[in-house]
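Here the structure comes first, spelled out in structure tokens, and everything after it is commentary.
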Amino acid sequence: MRDTPDERKTSSLDTSADESPKLQVAVVGGGIAGLTVAISLLQHPGVNVQIYERTKAFREIGASISLGPNGLRTLEKLGVENAIDGSVCSRQISDYPMIYRHWRTGEVIARDLHKTVKTKTHFTARFHRAHLHQALLEHVPREIVHMGKKTVSIVAGREEGVTLTFEDHTTAKADICIGADGIHSNVRKTFVPDHTLRRTGWTAMRSVFDASLVKDINFPEDASHWIGPDRSFFHSNIGKGMFTVVGGLHTDPNDPEDTVEWNDEYSLDTFRELYKDWHPAVRSLIEATPYTRLYPNMAGRALDTWTFSQRVTLAGDAAHTHGGAFAAGGSLAIDDAYALFLALNHVWPAAMAKSRKPTVEQLAEVFRLYEATRKPHIDKILSAVHLQVIGHKPKMENGNVETDEMLEERVRNRPDPSWISEHDVESAFQNAIGAKDLVTFMASNKTKSAPGPRAASRTLSPVDEIDKLAPLACTECRRKHVKCDTSIPNCMRCISSGTQCQYLPSRRGLKRRAVHVDQSSSGTDSVPTFPAPIDLRNHSPRAPTPLTTWEARPSEEATGLPTANRISSPSSSRDGAIASATSHVPASADGTVQGIPSLPSRQDQVPGLTSMSVEWQKERSHLSVEDDEALVNLYYANFHAAHPILVPRSLYTLQAYPDYLKLVVHFVGSQFSSTVSSDTLFGLVTDQVSKAEAEDTPGTKFHLVQAKLLFSIAIHARNEIPESTAVLAQAVSLALEIGMHKKSFPIVHGTRSALEEESMRRTWWELYVTDGFMAALQRKPSFHCHTADSDVLLPCDESSYMEGLFTNERQSLAQFDARIYSDEEIIFSSFSYRIGAVRLLARVLAIAWTHDLDEDHVKIIDSALAAWPHHLDKAKTDMCNGEDEMLFQGHMFIQFCIMYLHFPRSDLVATIPGAGKVIRQQQLLPVYGRNMHGVKALVASKQIINLATLQVPVQKHTPFFICGIVFAVLVQLSACCLAGAYGTQDQFHDRISLIIGILKTLSPSWALAKVTLRKVKRMASETLSGDDSHKPAAVQLMSPNDSRIDFVAHMYDLPTDDLPWIDLFHWGDNNERTL
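Taking full-length UniProt numbering, I'd label the letters of the sequence shown as residues 1 to 1075.
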């Protein structure tokens, strides 16, 4: 399809011929998602759609695609019947959506089942992607599709609408824009430029060809998924006489030699070699395959929002940020399109469209409703994708081979995909519009983890809401302190990690009757092990296993449905699983729940539970804290990047942190909220942290260290200085007590979770950084974390942590120190360089307050401080945007060290009007001339102020920055007082003005900035006024050329009660609260 000559000149939409103005919609992307968006929105009489596709022509290329019942039902509602009949797709003869077979014997291990599907046309169907695309294209007017339109920029404004510019220099204007341009979306990159995709480690080897090539081969007629220990194989008819085979294997996503790109051609010989020991049917199908191409799977973190500038939203893989999850990508995109139509039609119905376009506020409501319907569901899926990636890492790193028994157990206990494939988008939409507060509705949906294996598909009900707040947890999830999805017989986390899942009584003293889980026939207690990562070029043979044959419809005995775990309910059991879901609900004296007359037991929610007696009783002395998504989001948006010890935001809910740590997150988030009082939360945090100190396991205490560390940072910034000091000391003491400073701690207590191990390492190093900085503010010669004999490995880079993808080799401090002499550049994380800066601070503390100091000691440390930025790797030498918070802090700490070392020995001390009241006049003996010390301190202060000019919202920086800039402004004001020695007042005015502005911006969030601002304003006013009467007498008598070597200024006495900010620095005695 080609554009007309007029279209080449301009692609701007013109609706002047319409009797009434229509809503102009630009859809970027003409794939499955884009076409379905167009088909859906064109159901609305007030909408005009234009599709912009980057390719110059649609071609019959691509691999197979599967649509589940959800996508097929939606297509039927949209009237696209030609896409769901048997002429363009293939369905199973047996009606099982998927059949799983043993890689060598061909034995059926398990089957998926349709749970809510009654109509044959809604049974899972498989297509050639090009055939499905053509079926959709038949429902789209030819004239609205514009080919060869690759977007290069999108400008959106609340009032102006959207302007798209294409590579061919044409433009298009619209009221709204829908980005449906796939996993590598240009629309998403425009509005979320820092979002990155990474390989998950799963690589597919696909081929689509004429089914006649396999007509003489004896293989199961129904589509089958053959499962091996380290790879898989899938085959299926896909309609219109076509056939597909898909090989899949796990590779190391961080392998630098793996240069595989999307759609790369793959060697057939290597493909055959990979499966040379598999069942003859598999080998025969591969032998008949004419070609194969590689498709490395990609995924990124969940987006915070899909909507931008109230004019642009995303759909399909562009919004989902994964390149295929559970073979559901096509159906998810189709449901996105339908949900967008439902939202638009609800907010702006056809009757309203006759008179006017939707207002900006209505469009915002459409997008909010669209996200409320779709994003919680998609975020759960993406979390499950990341959990599978994280859970697979320890399997790849273990060199042993999975046994047949382990493999069969893994497959039989796989997650049930029906919660994805049979999701009801209309029901989700009705729930969304029924919620009074869409934000609250989305938050409550996000807190629910994806259902685990064999869990029934459920709609939202009051019982579900109660169950969500007090979930049953298996022993493995309790031990790891992570969220358990409570599925029986096995939760998703245990399946992902290959561990045995058991449900045991609570150890919190809850008085409830228990459910007994009989594991007597579940087999060995050993932890399954798995093979090492697969190199596409290296393979190892398997031991021979006896072959079996199959039938077209295998018997029920071969279905593989789990039978090992049996549920019973003895009248009393100390070995059962806790079944209560209402511990947070007020109970009456007889133990019944108030306001809920009759609650069903969990047997109503989990298939197979037929006789479970549950007694609902009140749980005493336990606060169940539900995540406040708004406060959690504020925490992650404004604080997490500066102190990144908790898991990334996309995995926070699944982590199931203890209540006291959740409260700390809420408390920190409340500092950035204009509606939530942090004072109430302060009391709750204090109370819950005190109660948690009675816990006795290192894993529990690890979370307590995290809570105390984050709490101490926050209350220091609230100007609660003594309390902060005490809480931090407790955190340090506890960390050393449980051995967090040892390399083995994350390995022992991280329980094979790479993410949790990394979180533990980060917590120790964050404690080290905080302990060191606070020691400087308290004028201590050292700090406990530095004197501890620590061998903890260094943190990974921030992007790897955000995506949950980690390299196999961790780096140590010894390697960090040795990098200077290495022939090759070794890349370390920005967090590591930040640690290096605080290690230099430790050296400065050791000598800073020594009165008579050897000149060589100072010069050596001066050299080390000057060398720090020169040893950054090349990618970290540019700080122009300031988005790397860890590197930002590293630079801040280095300049802070220089000021800390030189200011007390300089001629700048106590020269500010009024500063003598907050800074001791006593100077340390100089090593150089006092003027030289002053120059070094002044240059460092300028560098810290320069950091403040970087284009990053200042609220996102660590609150430690308040201390840094206040020290810098004191140095600047001191130099300003000595007119002629360091420059004129005009040279200092703009820098001081910037610092005052930053403190003003930070004041609503942090009380420390607010009270400091008042003091700085007063001193700056007196200093810059030009009135010498405010200055100390000794300064007034000075000549600009005075060397000031022996200068001692007059000290004004001032009660410490008048100095709410003086605890930033203790230039005076330890018992004197002075800055």
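Ideal Cβ positions, reconstructed from N, Cα and C, are used throughout, including at glycine.
As DSSP reads the structure, S207 sits in a beta bridge with V245.
Annotation: A337 to E160 spans about 24 Å, alpha carbon to alpha carbon. Going by beta carbons, D771 and V727 fall outside the 8 Å limit. Two segments are said to touch when three or more pairs of C-beta atoms, one from each, lie closer than 8 Å; by this definition the segment 989 to 1009 does not touch the segment 929 to 940. The criterion of a C-beta distance shorter than 8 Å is not satisfied by L704 and L663. When secondary structure is reduced to three states using DSSP, P141 falls in the coil class, being assigned neither helix nor strand.
By the beta-carbon neighbour count (other beta carbons within 10 angstroms, threshold 16), V282 is buried. In the displayed model, W278 falls within coil according to three-state DSSP, outside both helix and strand. Between T124 and P97, the C-beta gap is smaller than 8 Å, which places the two residues in contact. When the alpha-carbon of A211 is set against those of L285, D269, N254 and G179, the nearest one is in L285.
In terms of Cβ geometry, F341 and H146 do not form a close pair [threshold 8 Å]. Across the set Q955, P69 and A174, the C-alpha of P69 shows the shortest separation from the C-alpha of S418.
The bridge partners DSSP lists for L164 are I154 and A172. Linking V25 to K173 through their CA atoms gives a straight-line distance of about 9 Å.
Runs of the alpha helix (DSSP H) spanning 4 or more residues and lying entirely within the segment 342 to 427 occur at 350 to 353, 360 to 397, 404 to 412 and 418 to 421, in chain order.
In the three-state reduction of the DSSP assignment, G46 falls in the coil class. Leaving aside the five residues that flank L840 on each side, the residues in its chain whose CB is nearer than 8 Å to its CB run, in chain order, I861, A864, L865, W868, F893, I894 and C897. Between A38 and V49, the gap from beta carbon to beta carbon is short of 8 Å. The beta carbon of I713 sits closer than 7 Å to the beta carbons of H643, T770 and P959 from its chain, once the five residues preceding and following it are set aside; these are given in chain order. Under the 10 Å beta carbon count, K357 is surrounded by 16 or more other beta carbons and is classified as buried.
Annotated as distal: C796 and E756, with beta-carbon spacing of 8 Å or more. In the DSSP annotation of this structure, the continuous segment of the beta strand (DSSP E) that includes I109 starts and ends at V108 to R111.
Put simply, of K876, P904, H891 and I826 the residue whose alpha carbon is nearest the alpha carbon of H851 is P904. One Cα belongs to P229, the other to P296, and the distance between them is close to 19 Å. When the five nearest sequence neighbours on each side are left out, the beta carbons in the same chain lying within less than 8 Å of the beta carbon of S673 are those of A630, L631 and L634, in order along the chain. In the DSSP assignment, Q24 falls within the unbroken beta strand (DSSP E) covering L23 to V28. When only Cα atoms are considered, D216 and P280 end up about 13 Å apart.
Looking at S753, A339, G46 and V214, the one whose alpha-carbon comes closest to that of S355 is G46. If you ignore the 5 residues before and after V971, its C-beta comes within less than 8 Å of the C-beta of M899, F903, L908, A937, L938, A940 and S941, all in its own chain and listed in chain order. In terms of Cα proximity to P349, the closest of E273, K22, H989 and I996 is K22.
Across the structure, E402 and Q92 are spaced so that their CA atoms are roughly 30 Å apart. Of the residues L75, I847 and R59, the one whose Cα lies closest to the Cα of D424 is L75. Around the beta carbon of K1015, 16 or more other beta carbons lie within 10 angstroms, which makes this residue buried. Straight across, the Cα-Cα distance linking Q502 with T116 is about 29 Å. In summary, H169 is exposed, with fewer than 16 beta-carbon neighbours lying within 10 Å of its beta-carbon over all protein chains present. Per DSSP, M298 lies in no alpha helix (DSSP H); the unbroken beta strand (DSSP E) holding it starts and ends at R293 to A299.
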